[in-house]
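First up is the structure itself, then whatever we jot down about it.
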Amino acid sequence: MLSYTDVRFGEAAEDVNHVRALVAAVQALPAQVRQDYRLTDAVIQAPADAADLFDAAEEAQMGAKAAPRLATLALPELLRQLRAALRLMEILLKGQRTDTDPNFQWKELYEAFAQANKRQKVAASSRRAKSATRIVRTLPFTAAGTGQPQRLANTNYGPAYTLTVENRSAAPLLLWMAQKDEAATTPHSCPAGAITTVTRADIGPATARYLMAQFEGTASGAATVVVRRVV
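All the letters of the sequence shown, read from the start, carry residue numbers 0 to 230 under numbering that gives the first Met the number 0.
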């Protein structure tokens, strides 16, 4: 069975495909066989619906930048539903083992089920995420409409860093790394009212030293820049 670590860091697409393969195999059984062993449309459709719900939630997770935590928390619950549906199908199939109908090929059906729902033990070390991010600094930025750039940090972050900008202003936020003499480089524009993630390469050359910010024009507002490092 899948652990929380599998759900948090693993790939679930293969498990969803297994569910759909199982549903397809059961749907291919003769109608009389499905009727004799109470494989009703509702029983067959339950795991298929759970797989569809999981796919929809995964798409929502990728697109819901404003609420990533909610989307992430939904995935373990949906995988629990998938496991429950698979367990129900397994119980139903095991209950048919003693059937005496010579036309019912129980062994072949159960082998198809086992193959579609094949589980593989994974070492605990391999379940860990190959990479993760760690918050290094959280930098608030406010401007009162002076149109002057402000220095947020004196650190020349390397290529392993990303910066997530939450721009709460009605104007775009310009973010860049200035040279040691504070000469400006090409600013990266972070849209108004949005959360944007930029890489170190997006905001200036490797030799630039100071992290600078300014709202476009003379706009006022507030923003937060979160610096993360890939570990």
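Note that CB positions come from ideal geometry on N, CA and C, so glycine has one too.
Segment limits, beta strand (DSSP E) that includes residue i
i      : result
ALA143 : 132-143
GLN178 : Here GLN178 belongs to no beta strand (DSSP E), and DSSP marks it neither H nor E.
ALA149 : Checking the displayed sequence, the identity of residue 149 turns out to be Gln instead of Ala. GLN149 -> beta strand (DSSP E) spans 149-152.
TYR160 : 160-166
ALA221 : 219-229
Pairwise C-alpha distance: residue j and residue i
i      : j      : result
GLY144 : LEU78  : 49 angstroms
ARG19  : ALA50  : 7 angstroms
THR184 : VAL229 : 25 angstroms
ALA212 : MET176 : 9 angstroms
GLY94  : ALA55  : 33 angstroms
ALA218 : ILE202 : 21 angstroms
TRP105 : THR97  : 9 angstroms
ARG167 : VAL22  : 47 angstroms
PHE103 : THR196 : 58 angstroms
ARG82  : ALA24  : 17 angstroms
Other residues of its chain near residue i: CB distance less than 6 angstroms, five sequence neighbours each side excluded
i      : result
MET88  : none
ARG227 : THR132, ILE134, THR161
Run of the alpha helix (DSSP H) containing residue i, from where it starts to where it stops
i      : result
GLN34  : 30-35
ALA231 : The chain is shown from 0 up to 230; residue 231 falls before or after that span and cannot be answered.
Local Cβ density within 10 Å of residue i, reported as buried at 16 or more and exposed below that
i      : result
PRO139 : exposed
ARG86  : exposed
Same chain, Cβ closer than 7 angstroms to residue i, neighbours up to 5 away in sequence not counted
i      : result
GLN268 : Residue numbering for the chain in the displayed model covers 0 to 230; residue 268 lies beyond these limits and cannot be assessed.
ARG68  : Any reading at ARG68 is ruled out, since the residue's pLDDT is 48, under 50, leaving its predicted position unreliable.
TYR109 : LEU92
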